[in-house]
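159 is the number of the first residue of the sequence shown in the working numbering; add one for each residue after it.
Think of the CB as a built atom: it goes at the ideal place given N, C-alpha and C, for glycine as much as any other residue.
Shown next, in structure tokens, is the structure this report addresses.
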Amino acid sequence: MEKVPMTGEGYRVLDDQLKQLKSVERPSVIAAISEAREHGDLSENAEYHAAKERQGWIEGQIAEIEDKISRAQVIDVSKLSGSQVKFGATVTVVDEDTEEESRYQIVGEHEADVKQGKISIASPIARALISKEVGDVVEVNTPGGVKAYEILKVEWK
């Protein structure tokens, strides 16, 4: 079974989502199905069909999150250190063409959110950065062509 790397924060977010789905969403949809059943003929009952569809989505989400949690490899970023880029590192890079600086934390796939500066370990830029050090230049294939980034800083938080 393939492990799913994630930060402690990412694990907590998944666990909170699972608790929300099981303790709030699931009971709510069960009540909606029960209420829709009371309206009579189920074959033409849009509320019933919508609630059943929502129930299927909720159960699918629960199964998916439970699977990720069961395969989780939680990595405590605060205990990591070093000058080499690894999972959990926060990396400051500069685009060699535009001189624009960017800061990214390399996280698990489900935690990625570029707006918050979190990129997936599976993303092209993260794969290029892994095992590199401050001062190294990496090239990344992007939809707009090859981009070169110089690593300015590697931090552990």
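Per DSSP, the bridge partner or partners of residue i
i    : result
N299 : V304
P163 : Q231
Start-to-end residues for the beta strand (DSSP E) that takes in residue i
i    : result
S228 : Where S228 is concerned, there is no enclosing beta strand (DSSP E), although the alpha helix (DSSP H) it sits in stretches over A204 to S228.
I264 : E259 to V265
D271 : That residue, D271, is in no beta strand (DSSP E); it is neither H nor E in DSSP.
V249 : T248 to D253
Rounded separation between residue i and residue j - CA only
i    : j    : result
H268 : E254 : 29 Å
S186 : I223 : 19 Å
V304 : A280 : 18 Å
D271 : E259 : 18 Å
V265 : K237 : 15 Å
Y225 : Q263 : Checking the displayed sequence, the identity of residue 225 turns out to be Asp instead of Tyr. Each residue's Cα considered, the two are about 24 Å apart.
G166 : V232 : 6 Å
K327 : A230 : A query on residue 327 cannot be resolved here, the shown segment of the chain reaching from 159 to 315 and no further.
V235 : M159 : 23 Å
Whole-Å CB distance - residue i paired with residue j, under 8 Å assumed
i    : j    : result
I227 : L176 : 7 Å
R261 : G275 : 5 Å
T250 : K315 : With a Cβ gap of about 12 Å, T250 and K315 do not count as contacting.
I220 : A209 : Not really, about 16 Å apart at Cβ, beyond 8 Å.
Residue i - DSSP class collapsed to helix/strand/coil
i    : result
S192 : helix
K276 : strand
L310 : strand
G168 : helix
V243 : coil
K237 : helix
D173 : helix
Extent of the continuous alpha helix (DSSP H) to which residue i belongs
i    : result
I283 : P282 to L287
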